[in-house]
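In what follows, a structure is listed as structure tokens, so that the remarks can point back to it.
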Amino acid sequence: MMELINPLLLAVILINFYTLGSARLVACIRVVAIQGALLALLPLLSHGMTFHAMLLAAEAFCFKGVVIPWLLLRAIRRVRIRREMEPIVGFVPTLILGVLTTVGAFLFADLLPLAPEHHDGMFVPTALATMFSGFLLLITRRKAITQILGYLMLENGIFIFAVLLSAAMPVMVEAGILLDLLVGVFVMGIVVNQISREFSTINTERLTALKE
Amino acid sequence: MIIRLILHLALLLLFAPMLNGIIIKTKALFGGRIGAPLLQSYYDLARLWRKGFVFSRTTTWVFLAGPVVGLTVPLLASLLIPFGALPAPISFEGDLILFVYLFALSRFFTVASALDTGSSFEGMGAAREVTFSCLAEPTLLFVLLVLARLSDGLSLDTLLGSHLLTAWHSDAGASLGLILVCLFLVLLVENSRIPFDDPNTHLELTMIHEVMVLDHSGPALGMILYGAALKMMVMGALLVRLAFPWQTGWWLSDALMFLAGLAGLAVLIGVVESIMARLRLPRVPQVLVGTMLLSIFALVLVLR
Amino acid sequence: MIWLLSGIVLTSFAGVPGLFCNRESLRGERLACILTLTGAVCGLIAVALVLNSGGETYLDLPWSIPGGTLALRLDPLAAVFMLPLFLVVATGSVYGLRYWPQRENPGNGRKLRLFYGLISGAIMLVLTARNGMLFLMAWEVMALSGFFLITTEENKEEARRAGYIYLIATHTGTLALFALFAMLDHTSGSLIFPGAGTLPAAGSGLMFLLGLFGFGMKAGLMPLHIWLPGAHAAAPSHASALLSGVMIKTGIYGLVRFTSFFAEIPAWWGWTLLLLGAISGILGVALAIAQHDIKRLLAYHSVENIGIIALGFGLALLGRSYEQPALMILGLSGCLLHVVNHGLFKSLLFLSAGSVIHAVGTREIDQLGGVLKRQPWTGALFLGAAVAISGLPPFNGFISEWLIYLGALQPLKHPTSALGLAVLTAPALALIGALALACFVKVFGIVFLGEARSKAAVQAHEAPLSMLVPMALLLVACAWIGLLPTTLVPLLRGAVENWAGIDGGTMLGGSFAPLGWVSLIGWLLLALLAAVGLWLSRISRKVPRAIGTWGCGFQFSAPRMQYTASSFADFLVRLFHFGLWSERHGGKVTGLLPGVTRFSSHTPDTVLDRVLFPIFLGAAWLCRLLRACIHNGVIAFYLLYIALTVIVLLALFIL
Amino acid sequence: MLLLLILFPLAVALLALLLPWYQARSWLLPVSGGLHLCLAGICVAGSDYASSPWIGLDALSRLVLIVTSLLYAGCAVYAVGYLNLRRDRGNETIVPCLLVFLSAMTLAIAARHLGLLWMAVETTTLASAPLIYYNRNRLSIEATWKYLLLCSVGIALALLGILFIAYAALVGGDMPISLQLDTLLANASQLSRPWLHAGFVFLLVGFGTKMGLAPLHSWKPDAYGEAPGMVGALLAGGLTSVAFLAILRAVQLMTAAGDGAMARQALLGMGLLSLLLAAIFMVRQPDIKRLLAYSSVEHMGILAIGVGIGGLATFGAMLHLVNNALTKGCLFLSAGNIQRAYDSKRLSKVHGALATLPISGGVFLAGFLAITGSPPFGLFMSEFTILRGIFGNGQFWIGLLMILLLAMVFIGMGATVLTATQGEPVKLESAYKDSFLLVISPLLFLLMVLLLGVYLPEPLQRALREAAALLEVQP
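Protein chains in written order, with the working numbering: chain A, 267 to 478; chain B, 316 to 619; chain C, 906 to 1560; chain D, 397 to 871.
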């Protein structure tokens, strides 16, 4: 099973790149949903079919793979937008930045000592790379939906890292992570709804009235 | 002590108006005239004494304070200064500052008295008076500093003591020469002489001191003239002692020598007034600043 | 000690009962006045007891704050600063009854009285506090009360601006003092003030600079005087009197007290103070000459007098550095005496100027004139104060300047190469004195003499007795010090001993500073003046004043043709153009038959308006530019900041 | 007892959802606030250190708890008056949210487990979002969005930091892998250093975002500016203290691991940067509430500097935490009053507040003097103590830099506050009047700050010393 982990993580990184480089929102959401679903496999692959791992996997699949993407898809359907127009930083530069940060994450991860059992996995660099990709998405995009998507990727990155610890840590925190993610995105969703009602768009460029 | 005081005052009060007489006489001689008698100043004073007052309705009591202070201050200041080799009746550490400030007091009231008339001419004179004295006063201080550096005390009496004779022959001689020039210029400014001021013309916009006393009359004007004469003699005493620091030891010969020195000074002033023209007003500050620089140079010479 | 404490408490809270009184009732103001007077008397008793016993009184109580104890100590050095305080506070509060009556100022009368009391109490506390914490607290209460006094008329733009400038100046100064006391705490190990001469001089340079900045800001030492002109002009006159006469002296007190801690004084301290003193003195008075607002003018004279005080103090420091006790004693005595003197005559000037402003309703000197005829007593009192502040005998200003002069002449006796330069203090002082004379003769002459230049000045009326009597008291005090300076010698001696931590003040009043002679000349001068004056007034009494002033032939002279304050000062202002940069507008006469033309001149503050203001404007512009870039409303940037922070910190921590 | 303290606000929140009466719902706030204060007082006075491995009180949390509770009680009283003014807005959302917010804050304070701490802090974010959105206009939604996004990102980073620390324990070996604070502290020396450091960085950035240290502060002016005054007060006084407490936990950990100096350096740097940015942003700030937000950034910076210096300065920082919370309460509440009265918070409309609203305007002005560290207010004491710590450490240049920045802050803040408060009285268009409920809290806060400035009771001093001792190097 362990040998499947690295290809899976590689897939996660590729999804990161796709998201950074794509303008189509629906596709992005779907891809991130796939990423979530893939990540749900991660605890099972790394810890085997224990109860904790299965619970975690189930939770991750439900929320990351299904519920939240569905919420987001519903939201964009309501406001009828399809594409990310005029990102702050263009798609190609973002992609290049994404590659650079991923490389950086790999280099950085080499500096950190690993527990013996995690030596051959690329959990840590993938986690960091995913996180930074999420960050990039947050920074370079204007649409609120895309930013939520970025946040979701950020959380995915953290989740990858959390899997490393899931055996050692109580369930409670892991549940907390998911719960929090849900609540966070849910509240953001509400706010997005409010934004779209107030401004009849979810472009955050309208949200720049508060400045010096 | 008392006798010394009386002698001092007697010299001052009796001889002071004579200086003006000598100056006028000198100028007359230079102009090829016989001129007024030497005692003309005394006659003038006596005449003014008998006249009545005329006051502008603008004036207040301050108008009269000018002459009062102007007469009192030189009288008091004279007590601090040695007349030639005759020592000062009152002498203490630091009286040189008092000496300078007493004259400042007199200036304050003279100017206030001028402003009291509300006349724009007198205001003009007052403004000039205070301006020029601002420049003359530091010079005087520098001069006194040089003197203080050469003596071992801080009273005018010690400053102008017998050591000056040796000082003239020492390294400090150059400095003394410089400050003598400075002092002479200060004397000319303070006593409103040519080339800074012209005491003879009246009603001229370029005047300084005389224009301030335009509205005075009778005994008040007399007091002012007399006060001015006293002031000239007191300031002159400083200069004379500096220039002729000899002493004989006998009071009468000392007094005579002093008076002769003063007369010489008066002649010198007369000569200067005869051969020079009044400076243009904007030039006056320049000359004064130059004088100040000169005195600073003198100070540097003795401090070095 | 109980007297001192009750004095502090009574004056501090003098204005509080008034808060509970009706807006227009007289009770509050009277009560405040009585309380202040009682407080001042209590304080005076405390000071008298201390001076009588020759020692000091102290109080040391624990106080539950970190590093704090309630340590109060009243010694002769503090007493020197206390004495004018009591007199000024007491006279000011009586004067205020009619100058700023509650009934005419229902809006701000209570506030004024509250903070007037508070600032007085706070100053007393500042002067007696012996713990850094207590000192700073009292200091800031004083500073803040001062702010509220300045903004008494906060509805006026001018007062608000002055208040703001004052507030930032004083707070910046206080911050420097925070650092100073923190460093003192570091050096001496506690916040209790160390005894005189107990700290090593090593590493004290920064402390001195901080102290110079903090205390100098309060004192108004040029170029830190920026707040002073506006503040003194904006406050009600008796508050200005207190601010200018007493409050700014706390800066001097701070410097004096602070320098006393050190065992040896580096020579550059003294030189710095001499230099700053000379600059303050000369430029202060030059700026004063150029003003035509009487209160601004008086405020600049505060700068000038602080300069004189700093000159004296600089000499004292040099005396310590070069171990010349005579220089130190004369310098410090002159400095301290001038503190007292300035407190007295500057208050008197502000009060009498206030009396004129109250009567005429303008502060513009060029609108006044001939006031002496309408306000003979106010005018006479002003004249006395003007003579005193010009440093002329027989008043007190001369005595202190004379001491400083004597100090400045000391290096001549003991020529050491470097110290010789200190004699330049004397000509500087002479220049300051001559300029001050020019300025005050201008003020007195233009305001009180001649013809009235405006209708309002014609209708002026004499101030009521309750304003005149306090002023007269101040003049009596000025004359007292001028004519009987020897009475203050024990006090000064005690203060010098306090400061230097030695027993060396015995020489003052003896042969090397013969105050007795000065006093004799003073009396002589007074007697002669009185005799001649009486005689002259007797023979001229019956003369009618029926004709106009001789106009040199011009028949139609009008009051407007008189010399004004601006024209009087014009010559001097042009001489000092290098330091003043006066603005002159209009006045060009063209053509053969020139038409109507206007001329006005204005001298803004050299430091504030010419230097600081542009700098601050530029800094504000830069700040706005920066923050428009940083906080631009785009959330992506904010996230970028977070990402950058993470990256930088990670790099710092891991690499 | 502690559990009760955490749970009862939740119960009241539930009650608030059910109650149909507007007034009664409003009054639930002061009642629960008062009750919370009483219970917190009992907890703090009590000696139970850790009631369970999950929650408990140590010296630090006692201090933060009592301050937060005090602030909350004051704001709750104010809230009644405020909600009466804003009947049109309704209080169905705000009251329960406020109560949940209280509960989450209490939990965050009492948490002895990093995971729990993190969850509680996240809950405060979520509970406070509707509070910021109270005004329901374009600006408030923008502020809410920014607040939510930035804080969520921050909190996600904090989570990563916590995971890193757990992994540090995993890599470190000889210790139980737990996020329980006491276990971690006890075994800190065994933690893997790189992971611990990276974890500290993420915790610092994560909770620092919440606390509002520059340059992570960007949400602050927007959120504080748009939220009602009392919410601003709670965020600036309460939530920031809680976030600071979370950072202090990380510092404790680093100190226990022997790397305290490193953590302090980072805090010092960010503190100075906060001070600098706050100073820049305050110059000619035309909006009084944004001004207060930057003042909050400034004071977070001072807190960070205090802890960054250590020693006496840490004691000062603890005192500063108390003073800052109370003063911010006073300032935000009075600024809220001014805003309601003038119907604006910008200087173009707000001036002459002192004459127009003597109490609110006066309190605002006095609060300004207090917050800038003027004696005799408490902040003087704390800032001065911090400065003494800095100079006592011999770090003169840092001390002078701090002084310079404080002066800049004063100049910038003074211009705005004085323009707002001084001048001719203004004829108000709104029906606002200073009422008892609206002014009593700020007044009381101000009095407390004044009192703290002239008298620090011995028990408080002891508590502060104990709290500071927790952050010092442990043998």
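Glycine is no exception: its CB is placed at the ideal position from the N, C-alpha and C atoms. All values derive from a computational prediction rather than experimental measurement.
For residue i, count the other beta carbons within 10 Å of its own beta carbon; 16 or more makes it buried, fewer makes it exposed. Which is it?
i: TYR358(B); result: exposed
i: LEU614(B); result: buried
i: ARG1015(C); result: buried
i: LEU398(D); result: buried
i: MET1047(C); result: buried
i: GLU538(D); result: buried
i: MET316(B); result: exposed
i: ALA324(A); result: exposed
i: ARG1065(C); result: buried
i: TRP1005(C); result: buried
Going by C-alpha to C-alpha distance, which of the options sits closest to residue i?
i: TYR468(D); options: PHE841(D), GLY712(D), LEU848(D), ALA864(D); result: PHE841(D)
i: PRO1464(C); options: ALA351(B), ILE338(B), ASP431(B); result: ASP431(B)
i: GLY1156(C); options: GLY1012(C), GLY1259(C), ALA983(C); result: ALA983(C)
i: SER532(B); options: GLY409(B), LEU502(B), PHE378(B); result: PHE378(B)
i: ARG1532(C); options: PHE760(D), PRO617(D), THR752(D), GLY628(D); result: PRO617(D)
i: LEU1549(C); options: THR605(D), LYS823(D), GLY704(D), LEU848(D); result: THR605(D)
Going by DSSP, name the residue or residues bridged to residue i.
i: ARG967(C); result: A small correction: the amino acid at residue 967(C) is Pro; Arg does not occupy that position in the sequence shown. Paired residue(s): THR974(C).
i: LEU979(C); result: THR962(C)
i: HIS1091(C); result: According to DSSP, which records beta bridges pairwise, HIS1091(C) is partnered with nothing at all.
i: ALA1034(C); result: LEU977(C)
i: ASP355(D); result: Absent from the model: residue 355(D). The displayed extent of chain D is 397 to 871, so no value can be given.
i: GLY1491(C); result: PHE1504(C)
i: LEU1482(C); result: Per the sequence presented here, residue 1482(C) reads as His, with Leu not at that position. Partner(s): none; HIS1482(C) has no beta bridge.
i: ARG290(A); result: ARG349(A)
i: ILE317(B); result: Beta-bridge pairing links ILE317(B) to no other residue.
i: LEU1104(C); result: PHE1167(C)
i: ALA507(D); result: ILE451(D)
i: ILE461(A); result: Paired residues: none, contrary to the question.
i: SER371(B); result: ILE1452(C)
i: PHE398(B); result: LEU401(B)
Cβ pair count under 8 angstroms reaching 3, the stretch 999–1017 of chain C against the stretch 1365–1381 of chain C | yes
Unbroken stretches of the alpha helix (DSSP H), 4 residues or longer, contained in the stretch 325–404 of chain A | 334–345, 357–377
Every unbroken alpha helix (DSSP H) inside the stretch 527–596 of chain D [4 residues or more] = 534–568, 577–582
Is the stretch 792–809 of chain D touching the stretch 672–691 of chain D, taking contact as three or more C-beta pairs under 8 angstroms?
-> yes
Three CB pairs or more closer than 8 angstroms across the stretch 475–482 of chain D and the stretch 609–619 of chain D = no
Quick one: complete beta strand (DSSP E) runs, 3+ long, within the stretch 418–444 of chain B?
-> none
Report yes or no: do the stretch 574–583 of chain B and the stretch 358–372 of chain B share at least 3 C-beta pairs separated by less than 8 angstroms?
-> no
Evaluate contact between the stretch 412–432 of chain B and the stretch 381–392 of chain B, counting only Cβ atoms and requiring at least three cross-stretch pairs below 8 angstroms.
-> yes
Any contact of the stretch 1091–1104 of chain C with the stretch 1005–1025 of chain C, i.e. 3+ C-beta pairs under 8 angstroms?
-> no
Mind the definition here: the stretch 395–406 of chain A touches the stretch 416–429 of chain A only if three or more C-beta pairs lie below 8 angstroms; say whether that holds.
-> yes
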